[in-house]
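Residue numbers (the working numbering), protein chains in the order written: chain A, 756 to 868; chain W, 316 to 429. Written below as structure tokens is the structure these notes are about.
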Amino acid sequence: KNEVEQSPQNLTAQEGEFITINCSYSVGISALHWLQQHPGGGIVSLFMLSSGKKKHGRLIATINIQEKHSSLHITASHPRDSAVYICAVRSGTSSGSARQLTFGSGTQLTVLP
Amino acid sequence: NAGVTQTPKFRILKIGQSMTLQCAQDMNHNYMYWYRQDPGMGLKLIYYSVGAGITDKGEVPNGYNVSRSTTEDFPLRLELAAPSQTSVYFCASKGWLTNTGELFFGEGSRLTVL
């Protein structure tokens, strides 16, 4: 079973700062997901990665398969970015199933104005 | 689009009571999932379904049951509620043909068993 560790568990930043959230896993994977959980509880998918880097607006996700590590970066952070960010890894080879997902416990990000 | 709709959002149960958490999606997704989220822990898979009429156990199925009579609906039944089932429950769905692997989540259902 894959073990997923996220760091830091909690992060407080000032508006405008560059944010990095890290995710490490123990076993080879086929894909890694970054999710955002809003203060109200809803969860949305941000990225799915199997290699390299993806960018969407101010969010950048990178993955290093050899080092079993991924980072989520937020540039020019804003109070509306305050949320829990969750890393999840897929260990199975079936691209159609999410049943092999293992979730990290999340990073609580607070961005102060 | 409504996406994934979960009801109720909040519920308090007494030990031994039963209830059903409803989940419906309007995206014609084949895959549907039920997760529970406990404080400080990652989401854990309870049950999943790959299509109407097909369900299977996840990591933590004890104390729960599911059914999938239609593509749209995937209710989660709690029989004989126990305090250990106090948690936030999330339903999620994913399409068959999507290459992105994106999961769509409901807003969550907070259940307290006293």
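The beta carbon of each residue, even a glycine, is placed where N, CA and C say it ideally should be.
Sequence-distant residues of the same chain with beta carbon closer than 7 Å to residue i, five excluded per side
{"i": "A/Gly-851", "result": "Interpretation of A/Gly-851 is limited by its pLDDT of 48, a score under 50 that renders its predicted location unreliable; no figure is taken from the coordinates."}
{"i": "A/Ala-786", "result": "Met-803, Leu-804, Ser-805, Arg-845"}
Buried or exposed (CB count within 10 angstroms, at least 16 for buried), residue i
{"i": "W/Met-356", "result": "exposed"}
{"i": "A/Val-759", "result": "buried"}
{"i": "W/Leu-336", "result": "buried"}
{"i": "A/Lys-808", "result": "exposed"}
{"i": "W/Val-428", "result": "buried"}
{"i": "A/Arg-835", "result": "exposed"}
{"i": "W/His-344", "result": "buried"}
{"i": "A/Thr-865", "result": "exposed"}
{"i": "W/Leu-391", "result": "buried"}
8 Å Cβ cutoff, residue i in contact with chain W
{"i": "A/Ser-860", "result": "yes"}
{"i": "A/Ile-798", "result": "yes"}
{"i": "A/Lys-759", "result": "Before going on, a small fix: residue 759 of chain A reads as Val here, not Lys. True, the Cβ-Cβ gap to chain W drops below 8 Å."}
Contact with chain A by residue i, beta-carbon distance below 8 Å
{"i": "W/Met-356", "result": "yes"}
{"i": "W/Glu-422", "result": "yes"}
{"i": "W/Leu-393", "result": "no"}
{"i": "W/Leu-328", "result": "no"}
{"i": "W/Phe-405", "result": "yes"}
{"i": "W/Leu-387", "result": "Before going further, note that residue 387 of chain W is Glu rather than Leu in the sequence given. By this cut-off, W/Glu-387 is not an interface position."}
{"i": "W/Leu-418", "result": "yes"}
Coarse secondary structure for residue i, derived from DSSP in three states
{"i": "W/Ala-367", "result": "coil"}
{"i": "W/Ser-382", "result": "coil"}
{"i": "W/Arg-353", "result": "Note that residue 353 of chain W is Asp in the sequence shown here, rather than Arg. W/Asp-353: coil per DSSP, three-state reduction."}
{"i": "W/Gln-400", "result": "helix"}
{"i": "A/Arg-835", "result": "helix"}
{"i": "W/Asn-377", "result": "coil"}
{"i": "W/Lys-324", "result": "coil"}
{"i": "W/Ala-317", "result": "coil"}
{"i": "A/Arg-845", "result": "strand"}
{"i": "W/Lys-372", "result": "strand"}
8 Å Cβ shell around residue i - same chain, five flanking residues per side excluded
{"i": "W/Tyr-363", "result": "Tyr-346, Met-347, Tyr-348, Trp-349, Thr-370, Asp-371, Gly-373"}
{"i": "W/Arg-383", "result": "Met-347, Ser-364, Gly-366, Ala-367, Gly-368, Ile-369, Thr-370, Phe-389"}
Same chain only: Cβ atoms within 6 Å of residue i, ignoring 5 sequence neighbours per side
{"i": "A/Asn-765", "result": "Gln-863"}
{"i": "A/His-788", "result": "Met-803, Ala-843"}
When you compare the region 387-406 of chain W with the region 761-774 of chain A, are there three or more beta-carbon pairs, one atom per stretch, that lie closer than 8 Å?
The region 387-406 of chain W is not in contact with the region 761-774 of chain A.
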